[in-house]
Every structure is written in C-alpha cells, then in structure tokens.
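Trainee: Take the position in the sequence shown, starting the count at 1, then add 734; the result is the number in our numbering. The structure follows.
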Amino acid sequence: MMGRKFAIQRVHELRDFIDLAIDQRRNGISIKAANLHELLKESLLCHKKHKKSIYKFNNYTYNKFTYYFSEGRCLMTKYIQMESLGYWLHQTSALHRRAFAIETKKFGLTTEQYGLLFQLHNREKVSQKKLANLIHKDQATTGKIVEKLEAKGLLKRLTDPSDRRAFQLYISDNCGEVLNKLKPLAEALNAKAWEGISTEEIKMFESIMLRLQNNLNNINVNEDE
C-alpha cells in the first residue's frame, strides 16, 4: 500500500524527471515514449491515492507535460487526452483566455482582472472574502488584484461598517464604461468559438458543464482521504 510520505517523495522525483525530460526535448534529444507513458501512469496513481498532497504537482504535470509532448509525438499525449478531464478544460480555457487577452489589453487589463471586475458588475457590494470565493483565488492573491484595479481607478475599497477589519468592494463609474465596451468584444469572441457548432450541441455542452460543476462542487478538496 502506497503511504502518503512515500507518495510525496515519489512525485517530487517524478517532477524533477519531467523537468529533465522537457529540457532534453528542447535540445532535440529523443525520449522513449514507453518510459514517459509509465511515468505518467505512476504520477496519476499517486494522485488518486493522495489528492491533497500532490494537487499542485498534478497541475504542474499536466500544464507543462502536455504542452511539450503534444501533437502526437509520443504515446504520452494520447494517454493524457483520454484520461484527463483537466487536460481538455485547461487547454480550452487557455486558448479562450489567450484570445480574449488581446481585447482586454487594449483597456490596460488582464483577463484575470477582467474576471474579477465581471464578478463585481451588477453587485451592489461584495466583501473581499466573498470575491475571493467567486473567482476561486485565495484572499492574498485577490487582494493584490484588487490593489492594482484600485490604482487604475476601476474599483473602490471601503471599510465594512460592521467589521472594521474587512472591506467592501464597489466598481467605479469608469469601470462600468470599460465593461460595457468589452461586452460586445467578449460576445464576438464567443460567437467565433461556437462556429460550426449547432444550437443543440451548445445546449448539450452547457448542460454537461453544469453537471460537471455540480459534481466537482460536491468534492471537498481540503478533506484528507
């Protein structure tokens, strides 16, 4: 039975090996696909047994590994694509984010900053803690994004009257104007992404995504297994 301590040690070794494999790939050194296949199988096994301990490792593996060993260059990619929901979600999200970043950059925003402002839009006021939950970030990271947007004059951060240690966030009038200008650009990008896909398929996709979100929301990732 694989213990937690051994699993953590092993995935760190696997992570170092992945970095080495990536460097070799960059330098044109051939890598045996079979070895890479076994490597990923072992990392997935560790992840299934000890999700919390190597959650960050798993993200690291998929993000870097699938990028450098794509386009059918080895058996690894096929294995990842078939087994990993995370791979498909990450790749699609990354492509969409990259395309939309071209538009947000025109307004001096990153897609991450836009996402935060979008959550604040049409909300009278939101606490920084609640906002962190809405954008799926920790409070420290959220605070840094808020500071940058506050410096740009796009949102206001005021002390919560009921709790002097907390803040309530509001978007500024300038922010509303920026979001209104970005809205048609976002809609145009979505229309481009849906090209060649029928209305029925879109509805099915939305239904599946909603069910996936509901299923994943029922998982307590902070609970030790």
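Backbone N, C-alpha and C fix where the C-beta goes; we use that ideal spot for every residue, glycine too. This structure is a prediction, so every number in the text was calculated from the model and none was measured.
1. Residues in its own chain within less than 6 Å of V912 by CB, not counting five upstream and five downstream?
2. Taking DSSP's pairing of strands, which residues face K878 in a bridge?
3. Using a 10 Å radius around the Cβ and a threshold of 16 neighbouring Cβ atoms, would you call L829 buried or exposed?
4. Can the beta-carbon of F903 be found closer than 9 Å to that of L892?
5. By the DSSP assignment, the beta strand (DSSP E) with D872 in it spans what residues?
6. Give me the Cα-Cα distance between A922 and S818, rounded to the nearest whole angstrom.
7. Using a threshold of 9 Å, state whether the C-beta atoms of L823 and L854 are closer than that.
8. Please name the residue, chosen from K878, I931, S861, N949, that lies closest to F899 on a Cα-to-Cα basis.
9. With a threshold of 16 other CB atoms inside 10 Å of the CB of Q947, please say whether the residue is buried or exposed.
10. Output needed for Y789: all residues of its chain with C-beta closer than 6 Å, excluding positions within five of it in sequence on either side, in chain order.
11. For I879, collect the residues of the same chain with a Cβ closer than 7 Å to its Cβ; drop the 5 residues on either side in sequence, then sort them by chain order.
12. Report the CB separation of A925 from F834 in whole angstroms; it is logged as a contact under 8 Å.
13. Give me the Cα-Cα distance between M943 and N908, rounded to the nearest whole angstrom.
14. Only counting the same chain, and skipping five residues up and downstream in sequence, which positions put a Cβ closer than 7 Å to that of D894?
15. Within the same chain, show all residues whose beta-carbon is closer than 8 Å to that of L868, passing over the 5 residues directly before and after it, in chain order.
16. Can you tell me which residues form a DSSP beta bridge with S861?
17. With distance defined between alpha-carbon atoms, name the residue in E837, G820, Y821 nearest to K915.
18. Tell me K890's beta-bridge partners as DSSP assigns them.
Mentor: This is what the structure holds:
1. F841
2. DSSP, once it has assigned bridges, lists no residue as partnering K878.
3. exposed
4. The residue asked about is misnamed: residue 903 is Leu in this sequence, not Phe. It is a contact, given that the beta carbons lie within the stated cut-off.
5. It is not in any beta strand (DSSP E) - D872 carries neither H nor E in the DSSP assignment.
6. 29 Å
7. no
8. Looking at the sequence shown, residue 899 is not Phe but Arg. Selected option, being the one with the closest Cα: S861.
9. exposed
10. Because the pLDDT at Y789 is just 46, under 50, the model does not fix this residue reliably, and the point stays unresolved.
11. E846, Q847, L850
12. Actually they are not in contact, since the Cβ atoms of A925 and F834 sit about 13 Å apart, beyond 8 Å.
13. 33 Å
14. S861, A900, F901, Q902
15. Q853, V860
16. Q902
17. E837
18. Y904
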